[in-house]
Structure formats: C-alpha cells, structure tokens
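In the numbering used here, the protein residues as written are 10 to 313. Below is one structure, written out as structure tokens, with a few remarks after it.
If you want it as structure tokens, here you go:
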C-alpha cells in the first residue's frame, strides 16, 4: 500500500515572511497544472481569494468553485429525505448543486491546463466532495487531489453521544468512492492540522459517556476555570472532535481531528499550529492551511 511506502509526516512550518517563487520559469515552457479550489462547508468563494493570489505567486493558475454561504442552505433539502433521519443519506441529489459547481470550475480550469491535467484542492468538506465528484464525473483530467483539513472518515458506529453530522454521507464516501492512491497518474495528499488538542469534559471521564454531560455542566466548567486541568476551550473543542472521530482527547485543527483528515493509501502530512478555516484565522498567530506561511510548505505538490 502507498501508506506503507509514504508514512504520515509531521511538520512544523517555518514562519518566514520570505515567499518562494515558482520554479516554472526555469523549466522552459512547462507551467504548473491549474488548481481548482473547493470551498468547505459554510465557506464562500471569497474566503479563498488570498489563497488564489498566493498560488498565483508560485505560477499556479487557479479557479475557485462558485459557492456562496446561502448556497449551503440547499442542503436543507435532505431534511425531507427519510434517509436523513435514518443516517443513510447519499450525496445525490442533495449535493448535486455542489457537484455541478465543481464541474463548472473544472471545465474553466481545463481551458488553462494545456493538456497537463488539473489539481483539486479541497478544503474541509470540499475534500470528500471532490472524491464524490471524481467517482460520479470521472478523474481523467485530475492528477492530484490535495485535501486541507478534510474529515474523510465517518465516526465509529455505536458510541453513546456520537452522532454522524453528515447523516450517512461519509459512510457512503467510505464505502463507494475510490480508495486513496499515490501513483504517477493520480496522487492523494491529505494535510491535517495540529492546532489544539481536545480534552474530555470531565477529567478521567469514560470516553463513551462524556458527551452525556449536560449543557449546565459545561457552563459550570467555564465558570470554574480550573487552571490545573485542560482549559474549557480544549474541552469544548474535544466534544467537536468526538462527534467526528469518536474521541475527544486527540489533536486537530480546532474543527477536524488529525486522525480523520488522513487516508490510508495517501501521502498524509500534519502541520503543527495550523487552524482549520480562513474565517477567524490570520497569517501570523493563527494561520490556516491557505496562509502563505503554510502554503510554502505544501506548494511543491502542485509544482511537481
């Protein structure tokens, strides 16, 4: 398996203001593949404008799939599907609108590719939606899928207090979409962030029951501010992690646990100090995956 050849890598980004320039100018007429940027859940196209500019500084032309925040309310159509309530929801037809936006962006980027193929950059849910797109529309034009903080794996079944937030979509992806590969023809690179380690709500709590603690108990923890143990923030974030991977006491980017953002068969990379989203981040104290200081450590995947 590729994962045995390419073990997970953990890197600490170097925070430098210097920007590496694309090596394409020294490679004759060969230009980097165009990239299609796929927004994550709740994000809009404008959130990735700076990433688009940063990629351009390396000579990588890019197209951001056209998504607005209001578009995500289309997903509410799934509420009328009985499969939603059973936890067996499928991507189509509820996410057809997003798959069409990917296809429109891919078609636009193909006009820039000169037959070199494309790179897909999927942020958060955009990463697993890219896998659905490749399964439904084909991947003949795609040479690289690079995911940034994508929750690829569904939560373990049967854990008390854990509810699949995708209502079955990630189980569908795991069971029906092609497995990750790292080959000359198609490479999967999955990047995770280690921004904050989560914690259980109650010290020494059973991982299988700590989600049963009431909201009142959470408020009491916040008021108590017990400095001898994990912070309230770590406990709060841990509950989010638990809904994704089944455990609270793990590292993650503040939203997605590290373990969920990696795929067997892919080249898996983790960066210390990287936050999940462009919303609420900055390029110095809380950089996200698309901040210039972080991009410079993964841009080579797009230039190879």
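A virtual CB, placed ideally from N, CA and C, is assigned to each residue, including glycine.
Item                                                                                                                         : Value
Rounded separation between residue 102 and residue 184 - CA only                                                             : 18 Å
Cross-strand partners of residue 165 (DSSP beta bridge)                                                                      : In the DSSP output, where bridge partners are listed per residue, residue 165 has none listed.
Three CB pairs or more closer than 8 Å across the region 240-259 and the region 291-306                                      : no
Residues near residue 95 by beta carbon distance below 8 Å, same chain, minus five either side                               : 177
Delimiting residues of the beta strand (DSSP E) encompassing residue 186                                                     : First-last for residue 186: undefined, no H or E at that position.
One or two residues paired with residue 266 in a DSSP bridge                                                                 : 261
Three-pair Cβ contact test at 8 Å for the region 118-132 versus the region 164-183                                           : no
Residue 26 burial status per 10 Å Cβ neighbour count (16 or more: buried)                                                    : Unreliable placement is indicated for residue 26, whose pLDDT of 32 sits below 50; the coordinate value is still reported in the next sentence. Residue 26 is exposed by the Cβ-count criterion.
Through-space distance from residue 68 to residue 88, alpha-carbon basis                                                     : 43 Å
Buried or exposed (CB count within 10 angstroms, at least 16 for buried), residue 279                                        : buried
Residue 209 versus residue 258: straight-line alpha-carbon distance, rounded                                                 : 6 Å
Whole-angstrom C-beta distance between residue 141 and residue 182, which should lie under 8 Å                               : 6 Å
Range of the contiguous beta strand (DSSP E) that encloses residue 130                                                       : 127-132
Meets three-Cβ-pair contact criterion under 8 Å: the region 74-85 and the region 153-166                                     : no
Neighbourhood of residue 266 by C-beta distance below 6 Å, restricted to the same chain and skipping five residues each side : 250, 253, 254, 259
Which of helix, strand or coil DSSP assigns to residue 203                                                                   : strand
Boundaries of the beta strand (DSSP E) in which residue 311 is found, first to last residue                                  : Premise fails: residue 311 lies in the alpha helix (DSSP H), 309-312, not in any beta strand (DSSP E).
Inter-residue Cα distance where the pair is residue 295 and residue 261                                                      : 14 Å
Rounded C-alpha distance that separates residue 29 from residue 305                                                          : Residue placement at residue 29 is flagged as unreliable, the pLDDT there being 38, under the threshold of 50; a coordinate-derived value is accordingly withheld.
Residues bridged to residue 191 [DSSP beta-bridge criterion]                                                                 : 196
Straight-line Cα distance separating residue 308 from residue 66                                                             : 11 Å
Buried versus exposed, by CB contacts within 10 Å (16 or more), residue 203                                                  : buried
Three-way DSSP call (helix, strand, coil) for residue 272 in this model                                                      : coil
Through-space distance from residue 275 to residue 197, alpha-carbon basis                                                   : 5 Å
7 Å Cβ shell around residue 269 - same chain, five flanking residues per side excluded                                       : 160, 161, 162, 253, 254
Pairwise C-alpha distance: residue 154 and residue 139                                                                       : 8 Å
Proximity of residue 271 and residue 186 at Cβ, strictly below 7 Å                                                           : no
In DSSP terms, what residue 277 is bridged to                                                                                : 199
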